[in-house]
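Participant:
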Amino acid sequence: MDSTVSYLMEMKKDFILKISEENRQITPIGGKVEDVSVLNDLETSIRQPLIAEPVKSAALTPSLLSTMFPPFSRLQCADNVRTDGVARSSSLYGVISCVSKEDLVYSPVSPTGVITAISNGKVRLSVLDPETGIVEDRSYDESEVRVQKYRLLFHLDDVQHLRGIVGRLCVALLQLWSRETMISLLYLMQPRLDVIDSCKMNSYDIVRLMKFIYLTQKTSQSWTSTFHETMTLESCQFKLLQLAIRQIVSTSPRALTLIQAFMDGTWDDTDNNKVTLYVPPEDERLSMESASLRQLTLSSISIGNFTNNCVYVSSLHPSFPKTKYSDKITIPGAAGLRIIFDRQCYLDPTHASLSFYQDEAMNQSIARFSGTADAFCSFTVRGNTVRFTYESNVSTGDQWGYGFMVQPFENVNWSCDADVLSSRCFDWNCYAYDLLIDISKNYKFDKDDFFNRTLNNLVLYLQTSGMPFKMRVVELLSRLITSSQITVTAHPDVSGMMTVVLRYCENIDRNTIVPSQLPLLLDFLLTYTLKEEIDAASLKENQSSMIAPWVENVPEVKKDSLLEQLTSVHLLTRCIYYRAPIPAKYLRVIMEATGLPWTEPNYRLAVEAMRSFSPLMDEDLLTAFEIFAQQSKSSLLDVDARSYALTDDDKARYYALRDVDPVHLRLRIALLQFYNRQLQPCMHLIELMNASGKDERTLGSLITSISLYVFPTIKENVLEMSIKQTEYSGQAAYPIVELDNRRIFTELERSGDDMDNDSHSAINSECMFAQFCRQMQRFPVSVLRAKLDSKDRLVAIKYKGEQGLDWGGLYRDAVERCVEDLFSDHIDLFIPCPNAMNDQETEERFIPNPRYRDSSEALEMYRFVGNLIGVSLRTKHLLSFELSPQIWKTIVGDEVTEEDIKAVDSGLISTLQQVREYSESDGVDEFPFVFDMVFAILDSAGNEVELLPSGSQIAVTFHNRLKFCKMALEARINEARQAAEAIAAGVYALVPQRALSLFTWEQLERTVKGVPEISVELLKKHTVYIGWTESHPVVKQFWNVMEGLTDKDRSQFLRFTWGRSKLPKSESWPRPFKLTYKNAGDYMLPVAHTCFFQLELPQYSSEQIMRERLLVAIHYGSSGEFIMQ
1 MDSTVSYLME
11 MKKDFILKIS
21 EENRQITPIG
31 GKVEDVSVLN
41 DLETSIRQPL
51 IAEPVKSAAL
61 TPSLLSTMFP
71 PFSRLQCADN
81 VRTDGVARSS
91 SLYGVISCVS
101 KEDLVYSPVS
111 PTGVITAISN
121 GKVRLSVLDP
131 ETGIVEDRSY
141 DESEVRVQKY
151 RLLFHLDDVQ
161 HLRGIVGRLC
171 VALLQLWSRE
181 TMISLLYLMQ
191 PRLDVIDSCK
201 MNSYDIVRLM
211 KFIYLTQKTS
221 QSWTSTFHET
231 MTLESCQFKL
241 LQLAIRQIVS
251 TSPRALTLIQ
261 AFMDGTWDDT
271 DNNKVTLYVP
281 PEDERLSMES
291 ASLRQLTLSS
301 ISIGNFTNNC
311 VYVSSLHPSF
321 PKTKYSDKIT
331 IPGAAGLRII
341 FDRQCYLDPT
351 HASLSFYQDE
361 AMNQSIARFS
371 GTADAFCSFT
381 VRGNTVRFTY
391 ESNVSTGDQW
401 GYGFMVQPFE
411 NVNWSCDADV
421 LSSRCFDWNC
431 YAYDLLIDIS
441 KNYKFDKDDF
451 FNRTLNNLVL
461 YLQTSGMPFK
471 MRVVELLSRL
481 ITSSQITVTA
491 HPDVSGMMTV
501 VLRYCENIDR
511 NTIVPSQLPL
521 LLDFLLTYTL
531 KEEIDAASLK
541 ENQSSMIAPW
551 VENVPEVKKD
561 SLLEQLTSVH
571 LLTRCIYYRA
581 PIPAKYLRVI
591 MEATGLPWTE
601 PNYRLAVEAM
611 RSFSPLMDED
621 LLTAFEIFAQ
631 QSKSSLLDVD
641 ARSYALTDDD
651 KARYYALRDV
661 DPVHLRLRIA
671 LLQFYNRQLQ
681 PCMHLIELMN
691 ASGKDERTLG
701 SLITSISLYV
711 FPTIKENVLE
721 MSIKQTEYSG
731 QAAYPIVELD
741 NRRIFTELER
751 SGDDMDNDSH
761 SAINSECMFA
771 QFCRQMQRFP
781 VSVLRAKLDS
791 KDRLVAIKYK
801 GEQGLDWGGL
811 YRDAVERCVE
821 DLFSDHIDLF
831 IPCPNAMNDQ
841 ETEERFIPNP
851 RYRDSSEALE
861 MYRFVGNLIG
871 VSLRTKHLLS
881 FELSPQIWKT
891 IVGDEVTEED
901 IKAVDSGLIS
911 TLQQVREYSE
921 SDGVDEFPFV
931 FDMVFAILDS
941 AGNEVELLPS
951 GSQIAVTFHN
961 RLKFCKMALE
971 ARINEARQAA
981 EAIAAGVYAL
991 VPQRALSLFT
1001 WEQLERTVKG
1011 VPEISVELLK
1021 KHTVYIGWTE
1031 SHPVVKQFWN
1041 VMEGLTDKDR
1051 SQFLRFTWGR
1061 SKLPKSESWP
1071 RPFKLTYKNA
1081 GDYMLPVAHT
1091 CFFQLELPQY
1101 SSEQIMRERL
1111 LVAIHYGSSG
1121 EFIMQ
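Its first residue numbered 1, the sequence shown is counted upward by one per residue in full-length UniProt numbering.
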């Protein structure tokens, strides 16, 4: 580094400028229309990590606060004030001052007053007591008094100036109050009257108000240092105004004028949508130019060139072999910066790199570059500053180094209210377009060609080189194309972009991380290109009852073509989701796979076969086919569909398939095989998560909705690939964790002696889980993404004061004990669900303890629970997590429903059903006496929770009963939401969320826990016989049948007879299994009494008949008087 400094100091400025300009091979981007630019500007060479590294929040310091918002006041010590030509003491009389030791404050300081005298190092302040209204004189040391230097960015030196500032504040507050009042009026009055017509409001004024509130909300978001959406006053106002606008559109006869006001300037034929190059004002340009030309840092050469408003930054060429430095480039006034790399860039791939960061501390990485110039991809950042670090550890100076141009642009966002009135804004145009798409759900745009006009402009934006934030435009196009309420007749040509993108996709290695921007772009291009076919495939079954005519010559399906694979997946996914007819070209492939020739009768047979299957039948068929493939020792994709047939056991297990034509079964199997064969090679190019957060049906969201149809092998491949792509191999891997067994046993002894102590509290507990969790806080969570070491460990366990060495056994034992602690009385992080607490015979499901709903320390523990689930998935270490369905559903991204609450608290749901079903004929006045309820419920721990402020004092009546039911259900669903989301976040820190979205919650639970093993010997040990003897031939047949069932069937048997999926862990069972004699023969199914763990078994004539009848009963719950025909 010293040699670098010396070299730079000796060189003249003109020489460095000349060297830089002569060697430069770089051109500013912008304005050229070409299809390839859609990839270049999407930054596809930058691979975002599948798992975002956690960023620790910095301490809240004055310097950090100053980057978020200006200080409330700048203070200057009275002892340091100097005024020319005036005595220091007299110059401070009448000046507003306060007592503080800080120079920057972000809230009012007390006491604050006016200086009345200074003498002998003492300052006398005249202070108004706000409680008594009495003015008091107080004396302070001169070093403690601070003069108000600036307040709210205005110089503040006397009382008269203060009055002017107060006046300005009053005007600002009045403006704020006026906006809040207008929003409230629009929201509250519109349902009762037409606000626009009654109040003579101008639609453009409403849009202008929306722009101001939009800016306020965006500014508030930038101050909120959290990744989660937080509820603020600004966000509430913004939401209310959105709702008010939707109400106006739905009810007002002048809705069209308001819609037109939003349309004006929004992606129309004007220049309002363009992000243009930033041009500094004339009076600033000279000063900026001279300043930038003088900028010659010790780390890199930064040369301003404001003829095209760009700055060129470069290392020396060749670069110095061993060096490391950081720098930043700031262009005042720019709204964003584009980084364009020199075509000569070369850094040693192993020992040199150039990294860019978002934040001042350089923790949040944007991209890291090394290697040849092809690896350097231009990118854009918001704001006027870009930060970078250059590091080189090469032994010789044979690398060219780096060079890049910083190209500023503007019109991205607004910074103040004045900008709203005077400049255009890319972000606002995108938001307004989103809003108009939402409005289309309530308003028909039949008489306006707005979306057709703007479709061309949006596509043109993608094709124009140099335009930033194209991903946002792709999101808008995807929403527009997939919206069912908008009919688009414009057809801009995207074939060139499609060719470019497909060519790029064909060269992507499936084992690498795909650029996050690519799948959504590909989804839009294919959806747009296949619009007519997709619309036809999206018809509901009842809308397409007619069979399309048979055509002898149908197009051939090129199975090895990426375009054909993606096309097949797009169309078949929608056919399966909407239960629509399968296109003829795919039916032909399916028929050929089953040996049927392409003839009209066979075509009609295949169409009828596809129509005959319901989702429940498909689920049964897939389960049966999976068992068939396992028995054949083949994968689901490789089994010959022509050889498939239901066994007798299958017909008993899956009664809905019993009478289905075998040809229909094979055709359906062939369809599912073809769909999965086409899906497998392009799975990495599909975005499974809904990036826009909207309700539009993208391909990925549809696939996750029908994940049942995706073969387990494909799901497992996606999971395995995601795990490999996120493996950690850093220096922190395999840490040593020290645990204290003595604390664990001491706590167990104390809790046994004193049941009232709080040692099992999650905050105070010293159990294995609590110790492990706290110890792991010292290490980055990424260490749990490492491969298992040679001893099958992720961490090395060491017990304090013990000599044992961890060769893998201690690690596995510690993890197992952690999970056991969670579902025991060692720690109360989870509690048994109300169903389990109220009925000891119900299978125990655990739910998060509502006690820790607002505990940040407990949330960290819940995240560690998620980490352990992630460890189970990554290492295939089966762990017994007895969690409720709500937790598993949150992890896979499914919506929690009333049925999930019923699974853990059937009493609450039963009460709500009774309240809902209470009718007017039952007596309106009698309702309070029948139910005697208030707007408060008990949470899962038995604590009262008010549904409304003072809800315990508000009675539930017949007229507000439905509101009570809705609020009670929402309260119970939200009770565990924070804990469930924390657990999910812990899982996502180890396993990408994308991979888990393909699983159903039951599949994920089985993957983590495994299928429970049901011991027939243990069940027999706890069996009593009523009407039978243990030696009776029918009883022996029964146990032989039980021995021959799979663990999954035995688990289903327990659900049928006892309402639980596995046997109790302890030797003391709540009740024995009762096998009871039933006077019936082969035509009667067994009868179960779940409450008593009892099975009435008929006298079957053979073991085969008994097996068949038992399988039908346990899989269909057909206990009772059901007669087999």
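For glycine and all other residues, C-beta sits at the position ideal for the given N, C-alpha and C. Predicted model only: the values in this text are computed from it and were never measured.
Out of Phe-711, Asn-835 and Pro-519, which has the shortest C-alpha to C-alpha gap to Ser-910?
Facilitator: Counting from one through the sequence shown, the residue named residue 910 turns up at place 910. That would be Asn-835, whose Cα lies nearest to the Cα of Ser-910.
Participant: With DSSP as the reference, label Pro-408 as helix, strand or coil.
Facilitator: Start at 1 with the first residue of the sequence shown, and residue 408 comes out as number 408. Three-state result, Pro-408: strand.
Participant: Shortest alpha-carbon distance to Ser-921 belongs to which of Phe-958, Ser-45 and Gly-336?
Facilitator: One-based indexing of the sequence shown puts residue 921 at position 921. Minimum Cα distance to Ser-921 is reached at Phe-958.
Participant: Among residues of its own chain, excluding the 5 on either side of Ser-203, which ones have a beta-carbon nearer than 8 Å to its beta-carbon?
Facilitator: Working through the sequence shown from its first residue, we reach residue 203 at position 203. Excluding positions up to five away in sequence, the list reads Ile-196, Arg-254, Thr-257, Leu-258, Gln-260 and Ala-261.
Participant: Would you tell me roughly how many angstroms separate the C-alpha atoms of Asn-305 and Val-406, rounded to the nearest one?
Facilitator: By 1-based counting over the sequence shown, the position of residue 305 is 305. By 1-based counting over the sequence shown, the position of residue 406 is 406. Residue confidence for Asn-305 is low, a pLDDT of 46 falling below 50, so the modelled location carries little weight; the figure read from the coordinates is stated next. About 10 Å.
Participant: Could you name each continuous alpha helix (DSSP H) segment of 4 residues or more that falls completely within the stretch 576 to 661, going from the start of the chain to the end?
Facilitator: The alpha helix (DSSP H) runs of length 4 or more contained entirely in the stretch 576 to 661 are, from start to end of the chain, 584 to 593, 600 to 611, 615 to 632 and 648 to 653.
Participant: Mind checking whether Val-915 and Arg-961 have CB atoms under 8 Å apart?
Facilitator: Taking the first residue of the sequence shown as 1, we reach residue 915 at position 915. Taking the first residue of the sequence shown as 1, we reach residue 961 at position 961. Going by C-beta atoms, Val-915 is nearer than 8 Å to Arg-961.
Participant: Helix, strand or coil for Ala-1080? Go by DSSP, reduced to three states.
Facilitator: Here residue 1080 refers to the residue found at position 1080 when the sequence shown is read from its first residue. In this structure, Ala-1080 counts as coil in the three-state DSSP scheme.
Participant: From the DSSP output, in three-state form, read off His-1032 for me.
Facilitator: Against the sequence shown, residue 1032 aligns to sequence position 1032. DSSP places His-1032 in coil when its eight states are reduced to three.
Participant: So is His-664 buried or exposed if we call it buried at 16+ other beta carbons inside 10 Å?
Facilitator: The sequence position of residue 664 within the sequence shown is 664, counting from 1. When all chains shown are included, His-664 counts as buried.
Participant: Can you tell me whether Ile-1014 is buried or exposed? The criterion is at least 16 other CB atoms within 10 Å of its CB, across all chains shown.
Facilitator: The count along the sequence shown starts at 1 and reaches residue 1014 at position 1014. Answer is buried; the Cβ neighbour count reaches 16.
Participant: Can you give me the start and stop residues for the alpha helix (DSSP H) that His-1115 sits inside?
Facilitator: Along the sequence shown, one-based indexing puts residue 1115 at 1115. Here the alpha helix (DSSP H) through His-1115 covers 1103 to 1116.
Participant: Taking DSSP's pairing of strands, which residues face Phe-830 in a bridge?
Facilitator: In the sequence shown, the residue the question calls residue 830 occupies position 830. Pro-848.
Participant: Measuring only the C-alpha atoms, how far is Ser-692 from Tyr-1100?
Facilitator: Locating residue 692 in the sequence shown gives position 692, where the first residue counts as 1. Locating residue 1100 in the sequence shown gives position 1100, where the first residue counts as 1. Because the pLDDT at Ser-692 is just 48, under 50, the model does not fix this residue reliably, and the value given afterwards should be weighed accordingly. Looking at the two C-alpha atoms, the distance is approximately 59 Å.
Participant: Here's a check: name, in chain order, each residue in its chain whose Cβ is nearer than 7 Å to the Cβ of Arg-853, leaving out the five neighbours to either side.
Facilitator: Counted from its first residue, the sequence shown places residue 853 at position 853. The residues are Gln-978.
Participant: Is it true that the CB of Val-934 sits closer than 8 Å to the CB of Ile-954?
Facilitator: Counted from its first residue, the sequence shown places residue 954 at position 954. Counted from its first residue, the sequence shown places residue 934 at position 934. Yes, Cβ-Cβ distance for Ile-954 and Val-934 is below 8 Å.
Participant: List, from N- to C-terminal side, the beta strand (DSSP E) runs of 3 residues or more that fit wholly inside the stretch 695 to 780.
Facilitator: 736 to 739
Participant: For Val-127, which residues from the same chain have a beta carbon less than 6 Å from its beta carbon, with the 5 sequence-adjacent residues on both sides left out?
Facilitator: Along the sequence shown, read from residue 1 onward, the residue named residue 127 stands at position 127. Scanning its chain for C-beta atoms nearer than 6 Å, with the 5 sequence neighbours on each side dropped, one finds around Val-127 the residues Pro-111, Gly-113, Glu-136 and Arg-138, in chain order.
Participant: Would you mind working out which of Thr-704, Asn-717 and Arg-503 sits nearest Asp-35, comparing C-alpha positions?
Facilitator: Reading the sequence shown from its first residue, position 35 is the one you call residue 35. Taking Asp-35 as reference, the option from Thr-704, Asn-717 and Arg-503 with the minimal CA-CA separation is Arg-503.
Participant: Between Glu-102, Trp-414, Asn-393 and Phe-356, which has its C-alpha nearest Gly-333's C-alpha?
Facilitator: Indexing the sequence shown from 1 puts residue 333 at position 333. Of the listed residues, the one whose Cα sits closest to Gly-333 is Trp-414.
Participant: Quick check on DSSP: helix, strand or coil for Ile-112?
Facilitator: Translated into positions along the sequence shown, residue 112 becomes position 112. The identity of residue 112 in the sequence shown is Thr, whereas the question assumes Ile. Thr-112: strand per DSSP, three-state reduction.
Participant: How would you write the range of the beta strand (DSSP E) that Gln-1094 sits in, first residue to last?
Facilitator: Within the sequence shown, numbered from 1, the residue matching residue 1094 stands at position 1094. Residues 1094 to 1097.
Participant: Give me the Cα-Cα distance between residue 1134 and Asn-602, rounded to the nearest whole angstrom.
Facilitator: Nothing about residue 1134 can be reported from this structure: the residues present for the chain run from 1 to 1125 only.
Participant: Quick check on this structure: which residue in Tyr-578, Val-607 and Arg-574 has the alpha carbon closest to the alpha carbon of Ile-590?
Facilitator: What you label residue 590 is simply residue 590 of the sequence shown in a count that begins at 1. Minimum Cα distance to Ile-590 is reached at Val-607.
Participant: What are the complete alpha helix (DSSP H) segments, minimum 4 residues, inside the stretch 927 to 979?
Facilitator: 927 to 931 and 961 to 975
Participant: Note down the Cα distance separating Leu-1110 from Ile-508, rounded to an integer number of angstroms.
Facilitator: Looking up residue 1110 in the sequence shown gives position 1110. Looking up residue 508 in the sequence shown gives position 508. Just so you know, the alpha carbons of Leu-1110 and Ile-508 end up roughly 52 Å apart.
Participant: Cys-98 bridges to which residues according to DSSP?
Facilitator: Sequence index remark: in the sequence shown, residue 98 carries index 98 (1-based). In the DSSP output, where bridge partners are listed per residue, Cys-98 has Thr-112 and Arg-146.
Participant: Do residue 1136 and Arg-845 have their C-beta atoms closer together than 8 Å?
Facilitator: There is no way to answer for residue 1136, as the model of the chain reaches only from 1 to 1125.
Participant: Rounded to a whole number of angstroms, what is the C-alpha to C-alpha distance between Cys-170 and Leu-868?
Facilitator: Residue numbering aside, residue 170 sits at position 170 when the sequence shown is read from its first letter. Residue numbering aside, residue 868 sits at position 868 when the sequence shown is read from its first letter. Each residue's Cα considered, the two are about 55 Å apart.
Participant: Take the Cβ of Tyr-1083 as the centre, count every other Cβ of all protein chains shown within 10 Å, and call the residue buried at 16 or more, exposed below.
Facilitator: Indexing the sequence shown from 1 puts residue 1083 at position 1083. Counting Cβ neighbours within 10 Å, Tyr-1083 comes out exposed, since fewer than 16 surround it.
Participant: First and last residue of the alpha helix (DSSP H) that includes Ile-534?
Facilitator: Here residue 534 refers to the residue found at position 534 when the sequence shown is read from its first residue. 531 to 537 is the span of the alpha helix (DSSP H), which, as asked, contains Ile-534.
Participant: Straight-line CA distance for Leu-790 to Val-781?
Facilitator: Within the sequence shown, numbered from 1, the residue matching residue 790 stands at position 790. Within the sequence shown, numbered from 1, the residue matching residue 781 stands at position 781. Here residue 790 turns out to be Ser, not Leu, going by the sequence shown. Roughly 20 Å between the two C-alpha positions.
Participant: Given this structure, state the Cα-to-Cα distance separating Val-514 from Thr-726, to the nearest angstrom.
Facilitator: Translated into positions along the sequence shown, residue 514 becomes position 514. Translated into positions along the sequence shown, residue 726 becomes position 726. The straight-line gap from Cα to Cα measures roughly 13 Å.
Participant: Compare the C-alpha of Ser-365 against each of Glu-898, Leu-354, Ala-375 and Thr-219 and name the closest.
Facilitator: Against the sequence shown, residue 365 aligns to sequence position 365. The option with the nearest alpha carbon to Ser-365 is Leu-354.
Participant: What's the C-alpha gap between His-1115 and Gln-1052?
Facilitator: Numbered from 1 along the sequence shown, position 1115 holds the residue referred to as residue 1115. Numbered from 1 along the sequence shown, position 1052 holds the residue referred to as residue 1052. Near 7 Å, if we compare the C-alpha coordinates of Gln-1052 and His-1115.
Participant: At the level of alpha carbons, what is the spacing between Leu-938 and Glu-895?
Facilitator: Here residue 938 is taken as the residue at index 938 of the sequence shown, counted from 1. Here residue 895 is taken as the residue at index 895 of the sequence shown, counted from 1. Approximately 23 Å, taken between the alpha carbons.
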